[in-house]
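If you read the protein sequences in the order shown, they are chains W and E. Each step along the first sequence adds one to the number in numbering that gives the first Met the number 0, with nothing skipped, and position 91 is 90. Each step along the second sequence adds one to the number in numbering that gives the first Met the number 0, with nothing skipped, and position 49 is 48.
Protein chains: 2
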Amino acid sequence: MNSSTRATLGVRQAQKLKTRQALLDAALKLLEEQSLSSLGLREVTRVVGVAPAAFYRHFRDMAELGVALVEESLGSLHVMIRAVLAEQQEAEEVIDRSVEAVADHVRRHPAHVRFVARERHGGVRAVREAIAAELARFGDEVAAALAAQEVSRGWSAEDVRMLAGLYVDHLVMTASAFVEASAEEPEEERVIADTARRQLRLISLGRRHWRAA
Amino acid sequence: MNSSTRATLGVRQAQKLKTRQALLDAALKLLEEQSLSSLGLREVTRVVGVAPAAFYRHFRDMAELGVALVEESLGSLHVMIRAVLAEQQEAEEVIDRSVEAVADHVRRHPAHVRFVARERHGGVRAVREAIAAELARFGDEVAAALAAQEVSRGWSAEDVRMLAGLYVDHLVMTASAFVEASAEEPEEERVIADTARRQLRLISLGRRHWRAA
DNA sequence: CCCTGTGGCAAACAGTTGTTTACTGAATTC
DNA sequence: GAATTCAGTAAACAACTGTTTGCCACAGGG
Numbered sequence: 000m001n002s003s004t005r006a007t008l009g010v011r012q013a014q015k016l017k018t019r020q021a022l023l024d025a026a027l028k029l030l031e032e033q034s035l036s037s038l039g040l041r042e043v044t045r046v047v048g049v050a051p052a053a054f055y056r057h058f059r060d061m062a063e064l065g066v067a068l069v070e071e072s073l074g075s076l077h078v079m080i081r082a083v084l085a086e087q088q089e090a091e092e093v094i095d096r097s098v099e100a101v102a103d104h105v106r107r108h109p110a111h112v113r114f115v116a117r118e119r120h121g122g123v124r125a126v127r128e129a130i131a132a133e134l135a136r137f138g139d140e141v142a143a144a145l146a147a148q149e150v151s152r153g154w155s156a157e158d159v160r161m162l163a164g165l166y167v168d169h170l171v172m173t174a175s176a177f178v179e180a181s182a183e184e185p186e187e188e189r190v191i192a193d194t195a196r197r198q199l200r201l202i203s204l205g206r207r208h209w210r211a212a
Numbered sequence: 000m001n002s003s004t005r006a007t008l009g010v011r012q013a014q015k016l017k018t019r020q021a022l023l024d025a026a027l028k029l030l031e032e033q034s035l036s037s038l039g040l041r042e043v044t045r046v047v048g049v050a051p052a053a054f055y056r057h058f059r060d061m062a063e064l065g066v067a068l069v070e071e072s073l074g075s076l077h078v079m080i081r082a083v084l085a086e087q088q089e090a091e092e093v094i095d096r097s098v099e100a101v102a103d104h105v106r107r108h109p110a111h112v113r114f115v116a117r118e119r120h121g122g123v124r125a126v127r128e129a130i131a132a133e134l135a136r137f138g139d140e141v142a143a144a145l146a147a148q149e150v151s152r153g154w155s156a157e158d159v160r161m162l163a164g165l166y167v168d169h170l171v172m173t174a175s176a177f178v179e180a181s182a183e184e185p186e187e188e189r190v191i192a193d194t195a196r197r198q199l200r201l202i203s204l205g206r207r208h209w210r211a212a
């Protein structure tokens with residue numbers, strides 16, 4: 000289907016990637032209503048329409064598939080974060096843009112967001128660690144961006160990093176709040192966005208007065 | 000065994016409560032290494048040393064047991080929060096006391112904390128909703144305490160509520176960070192506490208300058 | 001063109017699962 | 001002291017699980 004992969008990889012590997020992706024997609028869909036540690040290998044292969052044994056051609060077990068899902072899920076988030084961080088604007092405006100970007104991201108990849116929120120503290124250690132490692136990388140990236148701003152003049156590296164952690168945690172919280180409310184009335188979505196904006200405004204206020212009181 | 004329950008309830012009901020509690024305890028222990036949606040009924044009864052069918056004398060299914068665990072887990076937290084909120088002191092000191100209280104709570108009830116963190120976004124709807132409802136009650140309680148402080152003069156009820164939400168979210172985050180690190184070296188525990196304190200300090204800073212900029 | 005590598009298949013494996021049934025024996029009630 | 005309530009039992013049920021085995025069809029390199 001994907002002409003670029005077909006051209007560079009040959010029919011053989013392209014087909015393999017295709018069913019691998021089908022497994023990932025099926026798993027992600029099934030994970031909307033359960034957690035990874037209860038997701039069965041047969042359950043996934045059945046949805047894809049493939050023999051159970053075929054699973055082992057792609058993953059050793061469900062934990063390994065989970066780790067692959069982490070990369071897929073947080074990869075797209077990575078792109079979004081970079082876009083927001085790149086902008087250099089008024090604080091008030093960057094907050095609005097950030098919240099809107101998160102809302103948009105959740106609208107576009109609800110299953111990915113739900114997966115990360117669910118498995119971040121979930122029952123599969125390898126997946127938890129993969130998510131933690133990726134979120135730590137996000138934190139470092141945000142910290143670097145924050146450090147480059149003039150507001151951070153005089154801040155220690157540790158303080159910048161703790162602020163970045165606060166932002167990342169808040170982002171995950173907001174995203175998971177969006178994804179758990181999206182099915183219901185749009186009113187709820189607005190109140191979540193509004194709360195998130197006010198919270199970010201308060202944090203940014205505390206940031207500007209750090210070591211000044 | 001418990002003389003007070005034995006005295007008021009009779010041997011019959013006391014015994015029933017005892018095995019019910021044994022089921023809850025066994026489930027909580029098993030949930031340290033998996034999530035609720037993968038926890039089997041037989042698995043729990045086997046640990047307790049009771050026939051599988053006996054489970055139904057206490058819970059309709061595992062989801063119902065999960066909801067019971069939510070009440071048990073967040074009940075103890077409730078006590079802790081009240082204790083912290085009751086104190087009227089310097090902002091700096093109340094932060095230190097809060098973080099220490101959270102660390103202490105995690106040391107005393109690690110399985111409960113892990114359970115709440117894990118199932119807050121977990122795969123069982125009824126449990127998710129029970130946790131959300133209980134955390135919302137915490138938020139209201141915190142909001143009421145915040146509103147009573149002089150720093151909140153002039154604040155709208157909505158703003159107080161959003162600050163309370165920020166505090167509750169931060170509390171859950173910190174607690175789950177503690178519980179996931181406690182097994183390793185104590186150094187890590189110290190850095191988590193330190194980060195949490197600085198984050199709270201920044202938030203409290205933003206709070207004092209709210210609507211003043 | 002043949003040969004090799006390999007993605008996927010069908011079948012069988014031993015275990016495990018949730019749930020129902022009829023039951024027992026002891027605590028409670030009258 | 002007899003009658004009743006009911007927490008816990010033992011056994012059986014069909015359905016499902018992860019994993020292994022040998023096999024096939026076929027793309028890709030020589």
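Note that beta-carbon positions come from the ideal geometry of N, C-alpha and C, so glycine has one too.
| Asked | Found |
| --- | --- |
| Between the stretch 198–212 of chain W and chain E, which residues of the former have CB atoms less than 9 Å from a CB of the latter, in chain order? | 198, 200, 201, 202, 203, 204, 205, 206, 207, 208, 209, 211 and 212 |
| Looking at the unbroken alpha helix (DSSP H) that takes in residue 97/E, where does it start and where does it end? | 90–107 |
| Taking all protein chains shown into account, do 16 or more other C-beta atoms lie within 10 angstroms of the C-beta of residue 12/W, making it buried, or fewer, making it exposed? | exposed |
| Quick one: does residue 117/E have its CB under 8 Å from some CB of chain W? | yes |
| Kindly indicate if chain W contains any beta-carbon less than 8 Å away from that of residue 5/E. | The predicted model places residue 5/E with a pLDDT of 38, which falls under 50 and marks its position as unreliable, so this point remains unresolved. |
| Quick one: Cα of residue 54/E to Cα of residue 110/E, how far? | 22 Å |
| Quick check: residue 112/E and residue 105/E, are their CB atoms within less than 8 Å of each other? | yes |
| Kindly confirm or deny that the stretch 143–152 of chain W and the stretch 171–182 of chain E touch, where touching means at least three C-beta pairs closer than 8 Å. | no |
| On a Cα-Cα basis, can you pick out the residue from 170/E, 16/E and 17/E that is closest to residue 101/E? | 170/E |
| Under 8 Å, with one C-beta from each stretch per pair, do the stretch 86–97 of chain W and the stretch 64–78 of chain W reach the 3-pair mark? | no |
| Beta-carbon separation of residue 130/E and residue 203/E under 8 Å? | no |
| Consider the Cβ of residue 40/E: report whether some Cβ of chain W lies at a distance smaller than 8 Å. | no |
| If I measure Cβ to Cβ from residue 25/W and keep anything under 6 Å in the same chain, skipping five residues before and after, which residues do I get? | 43, 46 and 47 |
| Reducing DSSP to helix, strand and coil, say where residue 1/E ends up. | Summary for residue 1/E: the model assigns pLDDT 42, below 50, so the residue's position carries little reliability; its value from the coordinates is reported in the next sentence. Note: residue 1/E maps to coil in three-state DSSP. |
| On the CB-based measure, 16 or more other CB atoms within 10 Å of its CB, does residue 91/E come out buried or exposed? | exposed |
| Between the Cα of residue 33/E and the Cα atoms of 125/W, 74/W and 9/W, which residue gives the shortest distance? | 125/W |
| Report all residues from its chain with a CB closer than 7 Å to the CB of residue 164/E; omit the five preceding and five following residues, and keep chain order. | 138 |
| Taking residue 61/W and residue 76/W to be in contact with their CB atoms under 8 Å, please state how far apart those CB atoms are, rounded to whole angstroms. | Their Cβ separation, rounded to whole angstroms, is 22 Å, which puts residue 61/W and residue 76/W out of contact at 8 Å. |
| Would you mind working out which of 82/E, 147/E, 151/E and 49/E sits nearest residue 15/E, comparing C-alpha positions? | 49/E |
| Tell me, please, whether the CB atom of residue 162/E is closer than 8 Å to any CB atom in chain W? | yes |
| Can you tell me which of the three DSSP states residue 147/E falls into? | coil |
| Locate the alpha helix (DSSP H) running through residue 177/W, then write down its first and last residues. | 156–180 |
| Once you ignore the five residues that flank residue 154/W on each side, which residues in its own chain have a CB closer than 6 Å to its CB? | none |
| Quick one, which of 28/W, 118/W, 166/W and 127/W has its alpha-carbon nearest residue 201/E's? | 166/W |
| What are the boundary residues of the alpha helix (DSSP H) that residue 185/E is part of? | 185–207 |
| Note down, in chain order, all residues in the stretch 36–68 of chain E with a beta-carbon under 7 Å from any beta-carbon belonging to chain W. | 36 and 37 |
| For residue 58/W, tell me which candidate among 108/W, 194/W and 41/W has the shortest Cα-Cα distance. | 41/W |
| Going by CA-CA distance only, name the one from 9/E, 99/E, 69/E and 71/E that's closest to residue 82/E. | 99/E |
| Is there a Cβ from chain W that is less than 8 Å from the Cβ of residue 153/E? | no |
| Please classify residue 3/E as buried or exposed, where buried requires at least 16 neighbouring CB atoms within 10 angstroms. | Only weak support is given to the placement of residue 3/E: the predicted model assigns it a pLDDT of 43, under 50, and the value that follows is read from those uncertain coordinates. Exposed, because fewer than 16 other Cβ atoms sit within 10 Å of the Cβ of residue 3/E. |
| For the alpha helix (DSSP H) containing residue 67/W, name the first residue and the last one. | 61–85 |
| Nearest-angstrom Cα distance between residue 197/E and residue 18/E? | 44 Å |
| Report yes if the CB atom of residue 133/W is closer than 8 Å to the CB atom of residue 178/W, and no otherwise. | no |
| Listing by chain order, which chain W residues have their CB less than 8 Å from the CB of residue 194/E? | 161 and 164 |
| Residues of the stretch 120–138 of chain W in Cβ contact with chain E at a cutoff of 7 Å, in chain order, please. | 120, 121 and 122 |
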